[in-house]
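Residue numbers (this note's numbering): 454 to 744. Even for Gly, the Cβ is constructed at its ideal location relative to N, Cα and C. All figures in this text were calculated on a predicted structure; none of them were measured in a lab. These notes are about the structure you will find just below.
Structure, rendered in structure tokens:
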């Protein structure tokens, strides 16, 4: 069966362009691959993607790809508006309003839950749940299930398509997205502007970092949108980083910089964020260094 889009991106190309350089009609990006321990340059079409990643049996071709495109289509406009504002406004000026935050919530939640890291983490949970649930049904209804029923149930015990479809429907459900957005909006939002062109922010195939400031662990197992100890870092461009902090940090002192742009001159902060990006990525880190 033919697919409209075979190479499906877990990180949108519209986002990756902000970490790439354009040559003729293509956008090129530098890649460091942890698995290969190798650095190379490639077009963004070839990175952060997998063939038929969102395809599930029983749905039209590219169904989820097209759903994600609705969110991706907003990236360029919103990011360019934030870039323009960051260039015009002084340090510690208010840069984020409710409109920006609403759209960024949608982008951030979508990005967190569509990566290979998320797929592997939630697949394990989903497969265990479906296996245990179906096994319990077979046990309790053994006397009334015929052979045909048992065959159908057995099919769903370890069915990747079934688990993926449940995950995709759950993560893209409007009520679920609004609930996640409420947790995000309870945090203190800050935009950091990196003034050092020689040490830019990098991104990756898992660009949204969940960082537990108490135990210093990253990833799903130690963090969550609703957890009060979770800090979220999301690089928007080579020069801009979105950070979401718990409001109680610094005895609520963090609230004094809410929605503001903060200029960063210290390499140490940028290097720390980039190191977290390296450890947080599934396999690849993305960057372009200006000459």
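Residue 741 - DSSP class collapsed to helix/strand/coil = Note: residue 741 maps to coil in three-state DSSP.
key: Beta-carbon proximity of residue 726 to residue 691, cut-off 8 Å   = No, the pair does not count as a contact, with Cβ atoms beyond the cut-off.
task = Within the same chain, show all residues whose beta-carbon is closer than 8 Å to that of residue 737, passing over the 5 residues directly before and after it, in chain order.
result = In the same chain as residue 737, and ignoring 5 residues on each side of it, the C-beta atoms closer than 8 Å to its own belong to 484, 485, 486, 487, 500, 501, 657, 658, in chain order.
inquiry  = On a Cα-Cα basis, can you pick out the residue from 536, 472, 641, 684 that is closest to residue 494?
reply    = The shortest CA-to-CA distance from residue 494 to any of 536, 472, 641, 684 is the one to 472.
query = Nearest CA to the CA of residue 481: which residue from 469, 492, 468, 496?
reply = Taking only the C-alpha atoms, the option nearest residue 481 is 496.
key: Proximity winner among 709, 672, 708, 720, relative to residue 573 (alpha-carbon distances)   = Put simply, of 709, 672, 708, 720 the residue whose alpha carbon is nearest the alpha carbon of residue 573 is 672.
query = Taking the Cβ atom as the reference point for each residue, do residue 648 and residue 710 lie within a distance shorter than 8 Å?
reply = Not a contact, by the Cβ cut-off of 8 Å.
task = Use the C-beta contact count for residue 731: other C-beta atoms within 10 angstroms, 16 or more gives buried, fewer gives exposed.
result = By the neighbour-count rule (16 or more Cβ atoms within 10 Å), residue 731 is not buried but exposed.
ask   = How would you label residue 461, buried or exposed, when you count the other beta carbons within 10 angstroms and need 16 or more for buried?
value = Buried is the call here.
request  = Below 7 Å CB to CB, which residues in the same chain sit around residue 707 once its five sequence neighbours on both sides are set aside?
outcome  = Scanning its chain for C-beta atoms nearer than 7 Å, with the 5 sequence neighbours on each side dropped, one finds around residue 707 the residues 641, 698, 700, in chain order.
inquiry  = Just list the residues that DSSP pairs residue 474 with in beta bridges.
reply    = The bridge partners DSSP lists for residue 474 are 481.
Contacting residues, own chain, Cβ-Cβ under 6 Å from residue 507 (five flanking each side not counted) = The answer, listed in chain order, is 461, 517, 518.
ask   = What span of residues does the alpha helix (DSSP H) with residue 563 cover, start to end?
value = Looking at the DSSP string, the run of the alpha helix (DSSP H) that includes residue 563 is 551-565.
key: Test item: CB-CB of residue 686 and residue 662 under 8 Å   = Yes, the Cβ-Cβ distance between residue 686 and residue 662 is below 8 Å.
request  = Would you mind working out which of 660, 478, 704, 684 sits nearest residue 571, comparing C-alpha positions?
outcome  = Nearest of 660, 478, 704, 684 to residue 571, Cα basis: 660.
task = Using alpha carbons as the reference points, say which of 719, 679, 704, 644 lies closest to residue 543.
result = Here the closest residue by C-alpha is 644.
ask   = With 16 other CB atoms within 10 Å as the buried threshold, where does residue 557 fall?
value = Residue 557 is buried by the Cβ-count criterion.
query = In or out: residue 537 buried (at least 16 other Cβ within 10 Å) or exposed?
reply = Under this definition residue 537 is an exposed residue.
query = Taking the C-alpha atoms as reference points, what is the distance between residue 568 and residue 527?
reply = Each residue's Cα considered, the two are about 19 Å apart.
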